[in-house]
Amino acid sequence: MVARKEDGDPRVNREITSREILLIDENGVKMGIIPTAEGIRMAEERQLDLVEVAPQAAPPVCRILDYGKYRYQLQKKEKDARKKQKVQTLKEMKMRPKIDEHDYDFKVRAIKSFLEDGHRVKVSVFFRGREMSFLSKGEEVLARVIADCEGLGKSEGRPRMEGRYMRIMMTPLPPGQGKIATKPEKNDAGKIAEKKNAGKKVDEKKKEEAAPAPETTAE
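The sequence shown begins at 2 in the numbering used here and counts up one residue at a time.
Listed below in structure tokens is the structure:
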């Protein structure tokens with residue numbers, strides 16, 4: 002009945018050294034303080050195990066249960082807890098000062114994905130040969146990355162040169178500090194059209210008010 006044990010696992014059945022225990026049965030009912038041998042006998046009668054769940058208590062608290070199932074549930078909880086704890090790692094994305102649009106979009110999507118997963122991202126622009134004379138191109142690329150990742154992460158500082166690389170460090174924003182979507186403002190063309198429609202309605206209303214009333218004839 003007892004599954005294979007590892008270091009740190011609770012004592013089970015005859016591994017329990019205390020002479021007395023506080024017993025809780027398989028239904029969660031507290032049975033009181035009884036001799037350990039009696040608890041083992043009760044567990045064996047039910048084809049279950051006596052498991053020491055609180056060894057520091059006086060006397061230790063033991064439960065009657067299926068140890069294999071109990072251990073599986075504990076391991077599952079630990080695994081789920083580890084999944085929820087996102088480990089932050091440093092990612093890196095390299096670009097060129099004359100990066101094409103398709104490549105840029107692909108790499109920015111990857112940067113956004115890293116930030117969403119809670120990772121810091123080092124974004125680097127590499128300059129070859131005479132490209133070192135056009136550092137402003139690299140600054141433009143990095144400024145665009147920062148703008149496109151707004152709401153997911155922010156740059157830790159201004160771009161800095163490291164050899165032939167211009168770099169920034171993007172840090173994910175804490176939960177709840179992401180960008181809130183706002184209603185887009187109308188562009189100039191939309192505003193002009195809206196004004197024209199409003200003016201047209203005013204002119205039509207004035208014409209209606211200025212029009213003579215229909216004549217009436219007496220019978």
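No residue lacks a Cβ here, since even glycine has one placed at the ideal position from N, Cα and C.
Endpoints, the beta strand (DSSP E) within which residue i is located
i	result
residue 115	Counting along the chain, residue 115 falls outside any beta strand (DSSP E), though it belongs to the alpha helix (DSSP H) covering 102-117.
residue 92	91-96
Cα-Cα separation between residue i and residue j, rounded to whole angstroms
i	j	result
residue 37	residue 114	55 Å
residue 61	residue 14	13 Å
residue 59	residue 9	20 Å
residue 132	residue 98	8 Å
residue 107	residue 91	19 Å
residue 163	residue 118	27 Å
residue 134	residue 120	32 Å
residue 19	residue 33	15 Å
residue 130	residue 116	32 Å
residue 27	residue 79	23 Å
residue 145	residue 101	13 Å
residue 96	residue 165	12 Å
residue 39	residue 29	17 Å
residue 1	residue 71	Missing from the structure shown is residue 1; the chain here goes from 2 to 220 and no further.
residue 11	residue 176	37 Å
residue 152	residue 128	29 Å
residue 48	residue 67	8 Å
residue 56	residue 50	16 Å
residue 141	residue 110	18 Å
residue 105	residue 150	13 Å
residue 22	residue 69	21 Å
Extent of the continuous alpha helix (DSSP H) run through residue i
i	result
residue 40	37-46
Identified DSSP bridge partners for residue i
i	result
residue 62	23, 55
residue 50	66
residue 173	154
residue 13	52
residue 33	24
Cβ pair residue i, residue j closer than 7 Å
i	j	result
residue 156	residue 147	yes
residue 154	residue 171	yes
residue 17	residue 46	no
residue 124	residue 65	no
residue 112	residue 126	no
residue 41	residue 24	no
residue 167	residue 139	yes
residue 174	residue 160	no
Threshold first: 3 residues or longer. Then list the beta strand (DSSP E) segments lying entirely within the segment 120-167, N to C. 121-127, 154-156, 161-163
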